[in-house]
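What follows is a short report on a single structure.
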Amino acid sequence: MKRKKIPVHIDELGKTGVSVEFVNTDQAETYLLKAHRDDHYIFLLQQKGSIQVMLDFNSITLKDACVFFIKPGQVHYYSRRKIVGWFLAVSPAIIEKDLRNYLDKLTSQFLFLKETRKLTTILKLVDKTAQSPKPDNFELKELQSYANAFIAIVCSSFSSSQERSISPQSRLSQITTAFQQFLKKHFRTLKKPADYANLLCISTSYLNETLIKTTGFSTSYWIQQELFLEAKRLLHHTELTAKEIAFELGFEDHTYFTRLFKKVNGITPMNFRKAYRDLSN
């Protein structure tokens with residue numbers, strides 16, 4: 007029997023890049039969502055209760071006050087929960103780079119908390135701001151700023167606490183982590199899977215197989231995602247032309263950059279800029 011592929015949930019957050027939900031379950035319930043991957047980060051702020059999570063085939067039971075997050079591409083589902091808390095989903099595109107880099111380097115993804123008031127307060131602000139049916143550019147910036155503030159506090163909490171590893175890193179996980187670190191450092195100059203395989207001293211095919219197993223995506227996919235994530239940031243936050251952004255990202259041929267951007271994202275760079283800047287219209 008042919009094994010079914012684990013589904014990947016893509017582009018679920020809309021143009022705001024943020025989704026928040028308050029959860030209060032009085033009785034234990036079985037969560038029916040099947041194992042899947044997302045293309046965004048998911049944070050759980052659990053104020054009290056208990057939740058059982060399957061993360062990359064490891065079963066984790068979280069009790070009492072804690073914060074937990076899931077990285078893009080990780081296989082997960084919630085098998086049982088009885089909690090009071092918040093779920094926050096955030097697109098990588100709107101997370102400040104230093105925060106995203108820190109999250110991606112963490113080997114532990116949960117932390118028990120003494121109190122949750124500060125984080126709860128910020129999530130209430132996220133929830134209130136997200137209620138706007140058609141946010142203007144200022145409300146959008148406010149919403150994304152609150153999300154980054156939440157993530158900054160989470161990162162600070164991890165930084166000041168001794169990391170608790172969910173499980174020892176496997177060889178595949180070590181390769182994946184090293185690849186992600188090399189990619190964030192070299193994506194402007196190294197754009198071929200073979201470049202990263204050489205840095206890791208492994209074959210190109212083995213690197214590709216490893217990434218597909220651990221994240222569900224190929225080496226080429228992650229290289230393109232890193233490049234175009236930076237391109238989208240530059241389009242949104244600067245006045246650089248598509249040609250200037252292409253050169254900024256190490257493309258010698260700016261027309262190839264534009265064609266590749268449209269192929270991957272379904273929209274030209276300038277139309278992407280216009281769509282996001284016209285969000286309030």
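Read in order, the letters of the sequence shown are residues 7 to 287 in our numbering. Backbone N, C-alpha and C fix where the C-beta goes; we use that ideal spot for every residue, glycine too.
Rounded C-alpha distance that separates residue i from residue j
i	j	result
Asn204	Val24	37 Å
Val96	Val90	20 Å
Trp92	Asp142	25 Å
Leu233	Glu215	21 Å
Ser56	Ile229	37 Å
Leu68	Gln80	18 Å
Phe193	Asn30	42 Å
Tyr108	Cys161	7 Å
Val132	Arg239	21 Å
His243	Leu125	27 Å
Asn271	Lys111	27 Å
Glu254	Gln58	44 Å
Tyr227	Leu189	12 Å
Lys88	Asp70	10 Å
Ala136	Lys21	12 Å
Own chain residues within Cβ distance below 7 Å of residue i, not counting five before or after
i	result
Leu117	Cys72, Val73, Ser163, Phe164, Ser167
Ala184	Leu206
Lys268	Thr274
Arg106	Pro98
Tyr152	Ile128, Leu131, Val132, Thr135
Identified DSSP bridge partners for residue i
i	result
Leu240	Paired residues: none, contrary to the question.
Thr67	Gln58
Glu27	Phe93
His82	His42, Leu61
Leu206	Leu206 is not bridged to any residue.
Gln230	Per DSSP, none; premise fails for Gln230.
Phe49	Phe75, Leu94
Exposure of residue i, with buried meaning 16 or more beta-carbon neighbours within 10 Å
i	result
Cys5	The shown model of the chain, from 7 to 287, leaves out residue 5, and the question about it has no answer.
Tyr212	exposed
Gln53	buried
Ala200	exposed
Lys77	buried
Arg123	exposed
Ala248	buried
Phe144	exposed
Arg279	buried
Where the alpha helix (DSSP H) containing residue i begins and where it ends
i	result
Lys130	123-136
Leu149	143-165
Phe116	It is not in any alpha helix (DSSP H) - Phe116 instead sits in the beta strand (DSSP E) that spans 116-118.
Phe263	260-271
Lys198	Per DSSP, Lys198 belongs to no alpha helix (DSSP H) and is neither H nor E.
Leu105	103-111
Delimiting residues of the beta strand (DSSP E) encompassing residue i
i	result
Phe223	Segment: none, Phe223 is in no beta strand (DSSP E) and carries neither H nor E.
Phe188	No beta strand (DSSP E) contains Phe188, which is instead part of the alpha helix (DSSP H) from 177-192.
Ser251	The amino acid occupying residue 251 in the given sequence is Ile; Ser does not appear at that position. That residue, Ile251, is in no beta strand (DSSP E); its alpha helix (DSSP H) goes 248-254.
Cys72	72-76
Distance cut-off 7 Å: residue i Cβ against heavy atoms of the ligand FAD
i	result
Gln150	Of the ligands one can find in the structure shown there are none, so the ligand FAD has no counterpart to examine.
Contacting residues, own chain, Cβ-Cβ under 8 Å from residue i (five flanking each side not counted)
i	result
Lys8	Unreliable placement is indicated for Lys8, whose pLDDT of 41 sits below 50; the coordinate value is still reported in the next sentence. Nothing listed; no residue qualifies.
Contacting residues, own chain, Cβ-Cβ under 6 Å from residue i (five flanking each side not counted)
i	result
His260	Lys249, Ala252
Ile48	Ile76, Ala95
Ile66	Val59
Ser138	Glu145
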